[in-house]
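Quick note, our numbering runs 129 ahead of the 1-based positions in the sequence shown.
In what follows, a structure is listed as structure tokens, so that the remarks can point back to it.
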Amino acid sequence: MKKKKEEVIIRSSAAEYLTYVASVGDQQDSIEMRYEDENIWLTQKMMATLYDVGTNTINYHIKKYLKTASCRRIQLFKKFE
130 MKKKKEEVII RSSAAEYLTY VASVGDQQDS IEMRYEDENI WLTQKMMATL
180 YDVGTNTINY HIKKYLKTAS CRRIQLFKKF E
């Protein structure tokens, strides 16, 4: 029997947080994502965990995307305090 993936939503006055839980074999990983203004925000480290790659790979793809003209239409970075 396969384990069901769980999604937990925690509400906050500042933002909503989503937790993605993935189970592979005996290992279970979870990633907490920030949901604000209809966008999901992740750090590079969180993206690397989600895609099972190194942060240098995520950094490479972000830099590659920033060189394209289409990226100027959307917000890619936000400072949370």
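Built from N, CA and C at the ideal position, the CB exists for glycine as well.
Alpha-carbon to alpha-carbon, residue j and residue i
i: Met130; j: Thr172; result: Unreliable positioning characterises Met130 in this predicted model, as indicated by a pLDDT of 49, which lies under 50. The coordinate reading is nonetheless provided below. Rounded to whole angstroms, Met130 to Thr172 spans 33 Å at the Cα level.
i: Arg163; j: Ile169; result: 6 Å
i: Thr197; j: Ile191; result: 10 Å
i: Lys193; j: Asp166; result: 25 Å
i: Asn188; j: Ile160; result: 18 Å
i: Leu179; j: Leu195; result: 21 Å
i: Met176; j: Lys208; result: 17 Å
Neighbour flag for residue i against chain D, beta carbons, 8 Å
i: Met162; result: Absent here is chain D; the protein component of the structure consists of one chain.
Test item: CB-CB of residue i and residue j under 8 Å
i: Lys174; j: Thr184; result: yes
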